[in-house]
Amino acid sequence: MTPPTATEVAPDTRAAPAEPATPAGRATTLRGRAPWHVAFTVVVLFCTALLARHHWPVVETGLARLAGADPGWLLLGAIATVSTWVCSALAQQGAVAERLPFGRLVAAQFAASAANHLLPAGVGAGAVNLRFLTRCGLSVTRSATALAVKATAGAVTRGALIALLALAVPGLLRLPRASAVAAGAALLVAGGLVVLLCGPLRRALRAVLADVRAVHRLPGRAAALWGASLGFAALHSLVVIAVSRSLGLPLPPGRVALAYLVASSAAVLLPTPGGLGSLDAALAFALALAGAPGSAAASVVLGYRLLTVWLPLIPGLVVLGLLLRRKGW
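The opening position of the sequence shown corresponds to residue 1 in the UniProt record's numbering, with each subsequent residue numbered one higher.
Structure below.
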């Protein structure tokens with residue numbers, strides 16, 4: 001029995017008013033948004049540089065500790081890093097009903113992880129995956145909703161992991177106390193944003209929900225989407241755990257995993273390239289709150305970045321260049 005086609009599973013009856021009518025319109029929209037992204041990124045990176053300069057002795061000590069790390073644990077962290085690209089590919093396959101060429105899909109995730117560190121707020125990874133999906137025959141609208149489905153599954157599974165870890169170890173997650181005025185202001189701002197974006201949000205949610213229903217009619221796709229999304233977050237947590245173990249950091253793995261998951265979720269609010277600066281500061285702060293000394297927390301962050309960013313960056317850009325040169329991609 002052959003799997004249902006895209007038309008049978010999810011007829012694309014949605015109009016796409018939010019999508020600019022022409023390539024020129026899309027380019028104009030991107031040019032209008034780019035200066036804000038670039039300016040915000042520069043501000044965050046400048047503040048990060050000032051913070052690093054102010055705490056340079058701690059960073060220097062962290063580098064010295066990382067030089068004496070256990071290579072066995074670092075190798076485990078490297079293996080977990082490579083596995084995250086496979087999980088990302090499986091999750092992307094699970095977000096669409098059509099069968100995608102898996103080898104090229106994994107290569108695209110590797111290239112997307114490199115591109116994600118060059119442009120802010122996941123724009124690089126989104127652009128690479130959008131191009132890949134459209135080259136596989138999906139429309140721009142369906143490709144965009146497939147990316148949204150994958151991102152939604154990732155956010156839900158990350159939240160579920162945080163909740164499970166917080167329940168498993170009571171007192172591990174300490175939420176800051178907020179005043180009634182601050183909570184009211186936050187609710188007011190959130191309500192205003194919902195009202196302003198009500199129309200676009202409804203259209204986007206309808207598109208995403210239609211694709212979610214289509215995917216869940218195929219149990220294999222649903223299992224790939226949710227299982228790989230869960231594996232992606234768990235493997236990134238494992239990288240941080242492996243780095244902390246390589247440094248002899250005496251923290252329980254659950255505490256380290258929760259620190260990473262909370263820090264990475266908070267870093268999404270600061271859309272810098274690959275979370276550069278925002279994730280580093282949030283993860284160091286979370287590890288310090290979990291009980292790690294300042295220099296040890298800095299070493300863990302540096303080791304995590306070494307395995308997930310700096311070592312794969314050049315090979316990832318090479319793969320991206322090869323994919324872009326490939327005929328039909």
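For glycine and all other residues, C-beta sits at the position ideal for the given N, C-alpha and C.
It should be emphasised that the depicted structure is a prediction, and the values quoted were computed from it without experimental measurement.
Could you tell me the alpha carbon to alpha carbon distance between residue i and residue j, rounded to whole angstroms?
{"i": "residue 267", "j": "residue 135", "result": "31 Å"}
{"i": "residue 129", "j": "residue 88", "result": "11 Å"}
{"i": "residue 142", "j": "residue 118", "result": "25 Å"}
{"i": "residue 115", "j": "residue 317", "result": "7 Å"}
{"i": "residue 146", "j": "residue 324", "result": "21 Å"}
{"i": "residue 210", "j": "residue 77", "result": "37 Å"}
{"i": "residue 152", "j": "residue 163", "result": "17 Å"}
{"i": "residue 306", "j": "residue 232", "result": "18 Å"}
{"i": "residue 292", "j": "residue 255", "result": "10 Å"}
{"i": "residue 229", "j": "residue 91", "result": "6 Å"}
{"i": "residue 79", "j": "residue 264", "result": "20 Å"}
{"i": "residue 321", "j": "residue 166", "result": "42 Å"}
{"i": "residue 132", "j": "residue 140", "result": "11 Å"}
{"i": "residue 374", "j": "residue 160", "result": "With the chain covering 1 to 329 only, the question about residue 374 has no answer from this structure."}
{"i": "residue 284", "j": "residue 124", "result": "25 Å"}
{"i": "residue 282", "j": "residue 290", "result": "12 Å"}
{"i": "residue 288", "j": "residue 313", "result": "28 Å"}
{"i": "residue 220", "j": "residue 227", "result": "10 Å"}
{"i": "residue 259", "j": "residue 96", "result": "32 Å"}
{"i": "residue 280", "j": "residue 315", "result": "22 Å"}
{"i": "residue 249", "j": "residue 276", "result": "23 Å"}
Quick one: residues in its chain with C-beta nearer than 7 Å to the C-beta of residue i, no 5 flanking neighbours on either side, listed in chain order?
{"i": "residue 85", "result": "106, 109, 110, 113"}
{"i": "residue 222", "result": "94, 215, 216"}
{"i": "residue 253", "result": "241"}
{"i": "residue 24", "result": "With a pLDDT of only 43 at residue 24, under 50, the local geometry of the prediction cannot be trusted, and the value read off the model is given with reservation. Answer for residue 24: no residue qualifies."}
{"i": "residue 212", "result": "149"}
{"i": "residue 319", "result": "107, 110, 111"}
{"i": "residue 330", "result": "No information on residue 330 is available, as it lies outside the stretch 1 to 329 that the chain covers here."}
{"i": "residue 158", "result": "233, 261, 265"}
{"i": "residue 144", "result": "130"}
{"i": "residue 251", "result": "244, 290, 291, 292"}
Count the other C-beta atoms from every protein chain shown that fall within 10 angstroms of the C-beta of residue i, then say buried if there are 16 or more, exposed otherwise.
{"i": "residue 311", "result": "exposed"}
{"i": "residue 225", "result": "buried"}
{"i": "residue 156", "result": "exposed"}
{"i": "residue 82", "result": "exposed"}
{"i": "residue 22", "result": "The pLDDT assigned to residue 22 is 43, lower than 50, so where the model puts this residue is not dependable; a value taken from the coordinates is nonetheless given after this. Residue 22 comes out exposed."}
{"i": "residue 326", "result": "exposed"}
{"i": "residue 257", "result": "buried"}
{"i": "residue 75", "result": "exposed"}
{"i": "residue 154", "result": "buried"}
{"i": "residue 67", "result": "exposed"}
{"i": "residue 168", "result": "exposed"}
Looking only at its own chain, which residues have a Cβ that is under 8 Å from the Cβ of residue i, when we skip the five neighbours before and after it?
{"i": "residue 72", "result": "246"}
{"i": "residue 65", "result": "247, 295, 296, 299"}
{"i": "residue 137", "result": "98"}
{"i": "residue 69", "result": "243, 246, 247, 299, 303"}
Who are the near neighbours of residue i in its chain, counting only those whose CB is closer than 6 Å to its CB and skipping five residues on each side?
{"i": "residue 262", "result": "286"}
{"i": "residue 234", "result": "none"}
{"i": "residue 127", "result": "none"}
Next on the checklist: Taking contact to mean 3 or more Cβ pairs, one atom from each stretch, closer than 8 Å, check whether the segment 96-106 and the segment 293-307 are in contact.
Outcome noted: Contact between the segment 96-106 and the segment 293-307 is absent, because fewer than three Cβ pairs lie under 8 Å.
Checklist entry - Can you give, in chain order, each stretch of the beta strand (DSSP E) that sits fully within the segment 87-128 and has at least 3 residues? => result Taken in chain order, no unbroken stretch of beta strand (DSSP E) lies wholly in the segment 87-128 with a span of 3 residues or more.
Item to check | Unbroken stretches of the beta strand (DSSP E), 3 residues or longer, contained in the segment 210-296 | outcome: Counting only runs of 3 or more, we get nothing.
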